[in-house]
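Taking it in order: structure first as structure tokens, then the write-up.
Number of protein chains: 2
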Amino acid sequence: MASDDELAELLARALDAVETLAVARTGRVSAGSPGRAARRVAETDLSRARTPRHAISGLTRLLTESGVRTNHRRHFGWMNPRPHPAAAVADLLVSFANPQLATRALSPGPVEVERRLVSELAARMGLGERAGGSFTGGGSEANATALVCALVRGVPGFAEGGLAGAKPPVVYLSEEGHDSVEKLARAHGLGRRHVRWLPTDARRLSVPALARAIDEDRAADRAPTLVVSTAGTTNFGAIDPLAEVAALCAEQKIWHHVDAAWGGMAALSARTRPLLAGVELADSVSLDPHKGLGAPLGTGVFLVRDAAVLEEAFDVQNDYGPGSSAPDPFARSLAWSRRFVGARLWLPLLQEGWPGLAARVERMFALTAPLRHEVERAGFTLLGPEATLPVVCFRDPDRADDAQGAIARFVEQSGEAWIARTRVDGRPALRACVCSHDTDPSDVEALGALLARARRES
Amino acid sequence: MASDDELAELLARALDAVETLAVARTGRVSAGSPGRAARRVAETDLSRARTPRHAISGLTRLLTESGVRTNHRRHFGWMNPRPHPAAAVADLLVSFANPQLATRALSPGPVEVERRLVSELAARMGLGERAGGSFTGGGSEANATALVCALVRGVPGFAEGGLAGAKPPVVYLSEEGHDSVEKLARAHGLGRRHVRWLPTDARRLSVPALARAIDEDRAADRAPTLVVSTAGTTNFGAIDPLAEVAALCAEQKIWHHVDAAWGGMAALSARTRPLLAGVELADSVSLDPHKGLGAPLGTGVFLVRDAAVLEEAFDVQNDYGPGSSAPDPFARSLAWSRRFVGARLWLPLLQEGWPGLAARVERMFALTAPLRHEVERAGFTLLGPEATLPVVCFRDPDRADDAQGAIARFVEQSGEAWIARTRVDGRPALRACVCSHDTDPSDVEALGALLARARRES
């Protein structure tokens, strides 16, 4: 048992460590070799006790010296931000208090906080009076929830009899959509063969191609069940034509889910909300506060137009759960025992209010054009359409496909920034994305200068 | 953007809050009314900014005044512990650093830490040389992973063609098993009708009944696919006859998963490991460090005998993921982007070593007999078999079924402890469970005295 003195010591050391971890404005964006990290972990003796100071310095070293510092303002890689400090502090408090969100009776306040946040986000999407949803552990769980809702509503007898004996349900998304949808379709019994990767028009889902694919599947006695539109594709930040897809889905009676994991943050500001035009017609929407809203990883949200479907999909009778008139969270989500994930949005909101968070989102969107400009000015060829989100894919026109990676390597080894490698139309390419609320125009300019050096010197 | 001063202020206030939240040795175990909590949340104005001090005090009040304090040492309710302080601090550091565990290249150190922890836990279970697994967001995700593995290995063409057209796969568990298994079976396309709740013998799965059910399903052209044994049932802490179930599953070529969400902690100590005899024969095992090992909620582990199945089940080709020779976490789990959940076990381990954590587990198990003794001494009738885990179900022999709840209400309203209501064989009953590493014999004695008062005074 930790005594109070030990607790105080632990917390004091944690504060020092946070100061090391949190600032991340200077210092290298990536550090350490994978091999050395692996050796250090392998050599750690887990048979003996250590002081809090030694334990914490071990974890802190691991977090600062191993790999890419996603929380750095010059991390232009994947959409993992430097978390809002209040979101990280919320995690600390939640971890100490450890409220159980399976049932309303155990944690009425936290359950109500999550209900209110879900309701406000659904309202910003425009999902109507009967909307609801839940916090999830991330985008995959949110998309899985959408898939189960679509199956419950679209496949006769699904909850009772399952898929054996049913017509094969089919899922549709654009070829720029997220691969996790295929993984989920397999895990939930649809099979890889029943996932349709459709062509795009300016990197946005082609509605005529979608209509044709649906017709073909119906003709072959398969059951079109779910269309996943993407609002913010990984490579181009493109947003599918949500209103047109919604119209087709309504006509065809197919569930329309909008995967707004990344682009959903646009709903926070009146200036950016028009980018999501048509999302108000969706059956369900997912967004990841751990992408654009500054929550730490593991923070997803699922929103649904008709909350009643959640109980059809997830309610289970049991002997030991306390009864309640309002539906309990465990009866409305894939999860059972649940962490108070919503605190990661609630505490920043208490501190900043919706207008403060909206201003952060606007600052990120405002970097979209400067990012394109700087990359082009450094001599690279831009790929894809004008993006709505602050991301750009590009190539060095003066080098072969297999030499493009050297640019990313140069940037990484400089320690001054980090960009990702990707593939566009099957060919190697480079990708830079603004991830952090703290990234500002000077960081984007610094990236441009670094990329220009990479062209000359790598 | 938070300035450094604001960050320092935020952290200082967080420390004060943690001291309020973390101790939980005194004070009421439950507080506040659900109605008041809901009103307070509803009345919070989210349109304006607040100082860090005000924001944090708002969240802290919510966490302390609303509902059941699961982190209190006299919380004898569901298996949610007071988290180990080092586990909570690990959450803080991880939330600030925010490593992305989808790929090894981004976070080699954290990925290696999780790999080592999974490997050591698998070794303690005895799963053999080819074992692997992953951290999950909890027990449901771990059990879902087991179900997908069983389908991949048991249903021909599952990954390619899905379940439509297949024989209906069937899942088996005892009637004392966890209801989340039914929820998962529905979500993954099996349907409620293909979940078999089997009778028990001393609250442990009846192997003859299991064998009969399998035969019946085969005769009806259904496909027995997964048996879920429970190691630590919710009501009685019973552990199914793992070795006998394993033998039957091997003979019948059915995947055997052991849901050791709660009882899995026994693997940490040589003294308690014999309770899990036979687990070494399982195909997969799940355990929840957020139950017995002092992690905060949202910490699950999935272990599998043959790690190769994970890639069969979850690997997806994509254009933008960085390539790697070792398999990446995103290709081996339901999740994609992943939080560094394993840090919640790693930091306590660094501080205490395996022997220190084992001693904590032993102290919890040592309270099993005293808990039974105290409840019986207070005049209650014990239900169910002698438990292996520190839990007991009971009734007041002197009052009707519908008056048993008054005992729990008296305990709750005293603020001195908290016990759960449950149902046993369809009738209302009471349930007390040791949840916290900090609960000691004096707390169990205090519960006994309180229960005796409840009999007299309620």
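Going down the list, the sequences are from chains A and B. Going by the numbering used here, the first residue of the first sequence is number 6, and it counts up by one from there. Going by the numbering used here, the first residue of the second sequence is number 6, and it counts up by one from there. Where a beta carbon is used, it is the ideal one built from N, C-alpha and C, also for glycine. Note that the structure is predicted; figures quoted are calculated from it, not measured.
Rounded C-alpha distance that separates A/Ala459 from A/Ser441: Counted from its first residue, the first sequence places residue 459 of chain A at position 454. Counted from its first residue, the first sequence places residue 441 of chain A at position 436. Rounded to whole angstroms, the gap between the alpha carbons of A/Ala459 and A/Ser441 is 23 Å.
Using beta carbons (cut-off 8 Å, strictly below), is A/Gln418 in contact with chain B? In the first sequence, the residue the question calls residue 418 of chain A occupies position 413. Judged by the 8 Å Cβ criterion, A/Gln418 is not in contact with chain B.
Could you tell me whether the Cβ atoms of A/Ala236 and A/Val263 are closer together than 8 Å? Here residue 236 of chain A refers to the residue found at position 231 of the first sequence. Here residue 263 of chain A refers to the residue found at position 258 of the first sequence. Closer than 8 Å, so yes.
Report, in whole angstroms, the separation of the C-beta atoms of A/Phe101 and B/Ala93, which I expect to be a contact under 8 Å. In the first sequence, residue 101 of chain A corresponds to position 96, counting from 1. In the second sequence, residue 93 of chain B corresponds to position 88, counting from 1. About 5 Å separates the two Cβ atoms, so the contact holds.
Would you mind giving the Cβ-Cβ distance between B/Ser52 and A/Pro360, rounded to the nearest angstrom? I have them listed as a contact below 8 Å. Locating residue 52 of chain B in the second sequence gives position 47, counting from the first residue. Locating residue 360 of chain A in the first sequence gives position 355, counting from the first residue. Between A/Pro360 and B/Ser52 the Cβ distance is about 7 Å, and since that is below 8 Å, they are a contact.
Stretch pair the segment 250-262 of chain B + the segment 149-164 of chain B: three plus CB contacts closer than 8 Å: yes
Below 7 Å CB to CB, which residues in the same chain sit around A/Ser35 once its five sequence neighbours on both sides are set aside? Within the first sequence, the letter at position 30 stands for residue 35 of chain A. Within the same chain, A/Ser35 has close Cβ partners Gly72, Val73, Arg74, Glu417, Gly420, Trp423.
Measure the alpha-carbon distance for B/Leu352 versus A/Glu24 and round it to whole angstroms. Counting from 1 along the second sequence, the entry for residue 352 of chain B is found at position 347. Counting from 1 along the first sequence, the entry for residue 24 of chain A is found at position 19. If you take the alpha carbons of B/Leu352 and A/Glu24, they lie about 18 Å apart.
Helix, strand or coil at A/Phe335 [DSSP, three-state]: Here residue 335 of chain A refers to the residue found at position 330 of the first sequence. Note: A/Phe335 maps to helix in three-state DSSP.
Is the CB of B/Ser100 under 8 Å away from at least one CB in chain A? Within the second sequence, numbered from 1, the residue matching residue 100 of chain B stands at position 95. Closer than 8 Å to some Cβ of chain A, the Cβ of B/Ser100 qualifies, so yes.
Is there at least one Cβ from chain B nearer than 8 Å to A/Gln105's Cβ? Position 100 of the first sequence, counted from the start, is the residue given in the question as residue 105 of chain A. Chain B places a beta carbon closer than 8 Å to that of A/Gln105, counting this residue as a contact.
Quick check: what's the CA-CA separation for B/Met270 versus A/Arg191? If you number the second sequence from 1, residue 270 of chain B lands on position 265. If you number the first sequence from 1, residue 191 of chain A lands on position 186. Cα to Cα, B/Met270 sits roughly 32 Å from A/Arg191.
Please identify the residue among A/Leu280, A/Ser463, A/Ile219 whose C-alpha is closest to the C-alpha of A/Ala255. For the purposes of this step, residue 255 of chain A is taken as residue 250 along the first sequence, with counting starting at 1. Considering only alpha carbons, the answer is A/Ile219.
Rounded to the nearest angstrom, how far is the Cβ of B/Leu210 from that of B/Val250, given a contact under 8 Å? Reading the second sequence from its first residue, position 205 is the one you call residue 210 of chain B. Reading the second sequence from its first residue, position 245 is the one you call residue 250 of chain B. 6 Å between Cβ atoms; contact.
Cβ shell of B/Gly303 (< 8 Å), same chain only, five flanking positions each side left out: For the purposes of this step, residue 303 of chain B is taken as residue 298 along the second sequence, with counting starting at 1. Closer than 8 Å at the Cβ level, and outside the excluded window around B/Gly303, lie Gly142, Gly143, His295, Val346.
If you drop the 5 nearest sequence neighbours on each side, which residues of the same chain put their C-beta closer than 7 Å to that of A/Val116? In the first sequence, the residue the question calls residue 116 of chain A occupies position 111. Leu106, Arg109, Pro334.
Give a yes or no on whether the minimum CB-CB distance between B/Phe241 and chain C is below 8 Å. Included in the structure are the protein chains A and B, with no chain C among them.
From the DSSP output, which residues share a beta bridge with A/Ser289? By one-based count along the first sequence, residue 289 of chain A stands at place 284. Looking at the DSSP assignment, A/Ser289 forms a beta bridge with A/His262, A/Val309.
Own chain partners of A/Val118 with C-beta closer than 6 Å, once the 5 adjacent residues on each side are dropped: Translated into the one-based positions of the first sequence, residue 118 of chain A becomes position 113. Exclusion of the five residues before and after A/Val118 leaves Gly347, Trp351 as the residues of its chain whose Cβ lies within less than 6 Å of its Cβ.
If contact means a Cβ-Cβ distance below 9 Å, which residues of the segment 52-67 of chain B contact chain A? Ser52, Arg53, Ala54, Arg55, Thr56, Pro57, His59, Ala60, Ile61, Gly63, Leu64, Thr65, Arg66, Leu67
Starting from A/Gly373, trace the alpha helix (DSSP H) in both directions and tell me its first and last residue. Counted from its first residue, the first sequence places residue 373 of chain A at position 368. As written in the sequence, residue 373 of chain A is Thr, which differs from the Gly given in the question. That run of the alpha helix (DSSP H) goes 373-382.
Taking a Cβ distance cut-off of 9 Å, strictly less, list which residues of the segment 346-357 of chain B are near chain A, in chain order. Val346, Ala348, Arg349, Trp351, Leu352, Pro353, Leu354, Leu355, Gln356, Glu357
May I ask you to report which of helix, strand or coil DSSP gives A/Arg428? On the first sequence, residue 428 of chain A is found 423 positions in, with the first residue counted as 1. In the three-state reduction of the DSSP assignment, A/Arg428 falls in the strand class, which pools E and B.
Just to confirm my understanding: we take B/Arg368, look at its own chain, exclude 5 residues before and 5 after, and list those with CB closer than 8 Å. What are they? For the purposes of this step, residue 368 of chain B is taken as residue 363 along the second sequence, with counting starting at 1. If we look at B/Arg368 and ignore the five residues flanking it on each side, its Cβ neighbours are His442, Asp445.
For a test of the three-state rule: what should DSSP assign to B/Gly170, helix, strand or coil? By 1-based counting over the second sequence, the position of residue 170 of chain B is 165. Three-state result, B/Gly170: coil.
Under 8 Å, Cβ to Cβ, is there at least one residue of chain A near B/Pro39? Working through the second sequence from its first residue, we reach residue 39 of chain B at position 34. Closer than 8 Å: yes.
With distances taken from CA atoms, which of A/Arg400, A/Pro301, A/Ala318 is nearest A/Pro86? Position 81 of the first sequence, counted from the start, is the residue given in the question as residue 86 of chain A. Nearest neighbour of A/Pro86 by Cα position, chosen from A/Arg400, A/Pro301, A/Ala318, turns out to be A/Pro301.
Apply the 10 Å Cβ neighbour rule to B/Ser234 and answer buried if 16 or more other Cβ atoms are within range, or exposed otherwise. Here residue 234 of chain B is taken as the residue at index 229 of the second sequence, counted from 1. B/Ser234 is buried by the Cβ-count criterion.
Residues of chain B with CB closer than 9 Å to the CB of A/Pro360, please, in chain order. Position 355 of the first sequence, counted from the start, is the residue given in the question as residue 360 of chain A. The answer, in chain order, is Ser52, Arg53, Ala54.
Need the endpoints of the beta strand (DSSP E) that A/Ser234 sits in, please. As a working mapping, residue 234 of chain A is identified with position 229 in the first sequence. From DSSP, the beta strand (DSSP E) with A/Ser234 extends over 228-235.
Under DSSP, the alpha helix (DSSP H) around A/Thr69 begins and ends at which residues? Looking up residue 69 of chain A in the first sequence gives position 64. That run of the alpha helix (DSSP H) goes 57-70.
Taking 6 Å as the limit between beta carbons, can you name the residues of its chain near A/Ala437, skipping five residues before and five after? The residue given as residue 437 of chain A occupies position 432 in the first sequence. Counting only Cβ-Cβ distances below 6 Å, and skipping sequence neighbours, we find Phe81, Val397, Ile424.
Leaving aside the five residues before and after A/Gly133 along the sequence, list all residues of the same chain whose C-beta is less than 7 Å from its C-beta, in chain order. Locating residue 133 of chain A in the first sequence gives position 128, counting from the first residue. Only Arg310 meet the Cβ criterion.
Indicate the three-state DSSP secondary structure (helix, strand or coil) for A/Phe241 in the structure shown. For the purposes of this step, residue 241 of chain A is taken as residue 236 along the first sequence, with counting starting at 1. Here A/Phe241 sits in coil by DSSP.
Give every residue of the same chain whose Cβ lies closer than 6 Å to the Cβ of A/Gln356, excluding the five residues on either side of it in the sequence, and list them in chain order. The residue labelled residue 356 of chain A in the question sits at position 351 within the first sequence. Counting only Cβ-Cβ distances below 6 Å, and skipping sequence neighbours, we find Ala91.
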